[in-house]
Amino acid sequence: MSNFRLSFEFFPTKTEEGHKKLLSTRDMLATEAPDFFSVTYGAGGSTRDRTLSIVTELNELGVPAAPHLSCVGDSIEELRDLLNIYKENGVNRIVALRGDLPSGMKASSGELRYANELVEFIRKETGDHFHLEVAAYPEMHPQASSFETDLDNFVRKVEAGANSAITQYFYNIDAFYYFVDRVQAKGINIPIVPGIMPITNYSKLARFSDACGAEIPRWIRKQLEAYGDDIDSIQKFGEEVVTAMCQELVDQGVPGLHFYTLNQAAPNLAIWRNLEMDVEA
Ligand code: FAD
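Here the sequence shown is numbered in this note's numbering, starting from 7 and rising by one per residue.
As structure tokens, this is what we get:
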């Protein structure tokens, strides 16, 4: 277990209250000594300054922070400036993405179109300075024309210089195993870390899952629907289901877990602390 990697993802908040909550979540999650925190980036640069300032604040407790960086909607110059700022601020890990443009923003404003081009650009600009994470989609990226094309596009990112990958969240564990097998069959052996989304609010999760292409298996969906507004039961069941999935992943030897925290400490800590880790290795 010594190489096991734990990371927690945050998003930049807009309000003072949200910011306070983020910092208190940071303090609670830091007690688990994660390998890094990550901070999302609004495609088109909408959170450029906030992502940067939160990266600095997350670093304060000694846990390294990795900014996400997306390329659609940002110019080469803007991306280059940010890379330099991150370097100057001691950042050494970046989650490199294409991003999804907010509706209304024109795609042509970005010079790099896909994440593999961003990875290539970062390598060209900064050599091996950054450890580069990329996104992986066990259930296929929603815009991909086929699973095979998406797999080939994932391989492009690795060939461009990605060091490891974090998956979109999933509740269908077989999709994850199949994806990893297919990637490895193509001779790719970078760590692929499952992204974990705790279940705390069914209607939000259902909406988001439809948009990002993550399946909520029927047996989970039906149970959550039946709970209606009973938040306690949703959260209790969600914790059981996600803990069981994480335990199986850990037992199968995944290289780590990445929690999509949504800036909340309790559900993520509960799942993480429920897990039995083999600490011998
Ligand atoms: P890509 O790898 O570029 O793939 C996008 C689509 O294009 C896929 O369908 C792929 O098959 C296809 N494609 C890829 N390369 C090529 C190519 N060279 N030619 C033709 N087609 C190609 N979004 C944000 O805006 N901000 C964030 O901070 C953020 N963080 C995320 C973190 C993680 C771990 C994950 C899994 C997702 C995150 N996202 C974030 C969402 C992500 O930006 C979207 O899913 C986006 O639609 C795709 O990004 P990507 O980097 O996977 O794109």
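Glycine included, C-beta positions come from ideal geometry on N, C-alpha and C.
Measure how close the beta-carbons of residue i and residue j come, nearest whole angstrom, since I'm counting them as under 8 Å.
i, j, result
"glutamine 253", "leucine 281", "6 Å"
"leucine 107", "cysteine 77", "Actually they are not in contact, since the Cβ atoms of leucine 107 and cysteine 77 sit about 11 Å apart, beyond 8 Å."
"alanine 49", "glycine 105", "3 Å"
"arginine 54", "leucine 85", "At roughly 10 Å, the Cβ-Cβ gap does not stay under 8 Å, so arginine 54 and leucine 85 are not in contact."
"alanine 72", "serine 44", "4 Å"
Could you check if residue i belongs to the surroundings of the ligand FAD, using beta carbon to heavy atom distance under 6 Å?
i, result
"asparagine 159", "yes"
"leucine 263", "no"
"histidine 137", "no"
"tyrosine 120", "yes"
"isoleucine 3", "Outside the modelled stretch of the chain, which goes from 7 to 287, sits residue 3, for which no answer is possible."
"isoleucine 60", "no"
"isoleucine 172", "yes"
"tyrosine 47", "yes"
"glutamine 253", "no"
"arginine 129", "no"
"alanine 141", "yes"
"histidine 25", "no"
"glycine 50", "no"
"arginine 104", "yes"
"alanine 217", "no"
"alanine 168", "no"
"alanine 150", "yes"
Going straight from the alpha carbon of residue i to that of residue j, what length do you get?
i, j, result
"glutamate 23", "leucine 263", "28 Å"
"threonine 37", "alanine 102", "27 Å"
"histidine 74", "methionine 251", "26 Å"
"glycine 79", "proline 144", "26 Å"
"glutamate 63", "leucine 211", "28 Å"
"isoleucine 196", "valine 256", "17 Å"
"isoleucine 240", "isoleucine 82", "44 Å"
"valine 140", "asparagine 159", "11 Å"
"alanine 39", "tryptophan 278", "12 Å"
"threonine 132", "alanine 191", "30 Å"
"valine 161", "asparagine 9", "24 Å"
"aspartate 216", "phenylalanine 182", "18 Å"
"arginine 213", "asparagine 95", "37 Å"
"phenylalanine 17", "tyrosine 47", "8 Å"
Within its chain, find whatever has a CB closer than 6 Å to the CB of residue i; leave out the 5 residues flanking it on each side and keep chain order.
i, result
"methionine 203", "Tyr175, Tyr266"
"proline 291", "Nothing about residue 291 can be read from this structure; the chain reaches only from 7 to 287."
"tyrosine 233", "Ser239, Ile240"
"asparagine 122", "Arg162, Lys163, Ala166"
"serine 59", "none"
Report the residue from the options whose alpha carbon sits nearest the alpha carbon of residue i.
i, options, result
"proline 273", "Asp238, Glu231, Asp284", "Asp238"
"serine 30", "Ala276, Lys163, Gln229, Gln270", "Gln270"
"isoleucine 226", "Ile91, Thr19, Glu245, Glu94", "Glu245"
"asparagine 65", "Val164, Phe14, Gly219", "Phe14"
"valine 247", "Ile179, Phe127, Tyr183", "Ile179"
"asparagine 98", "Glu84, Val164, Ser209, Phe136", "Phe136"
"leucine 67", "Leu35, Ile222, Asn95", "Leu35"
"aspartate 235", "Lys27, Ser209, Met283", "Ser209"
"asparagine 207", "Glu231, Pro223, Cys218", "Glu231"
"histidine 25", "Ser52, Ala276, Ala217, Thr57", "Thr57"
Under 7 Å Cβ to Cβ from residue i, same chain only, skipping five residues before and after it: list those, please.
i, result
"arginine 188", "Leu157"
"valine 186", "Ile198"
"isoleucine 194", "Val161, Val164"
"proline 148", "Cys218, Gly219"
Closer than 8 Å by C-beta to residue i: which residues in its own chain qualify, once you throw out the five before and the five after it? Chain order, please.
i, result
"arginine 129", "Leu138, Ala166, Gly167"
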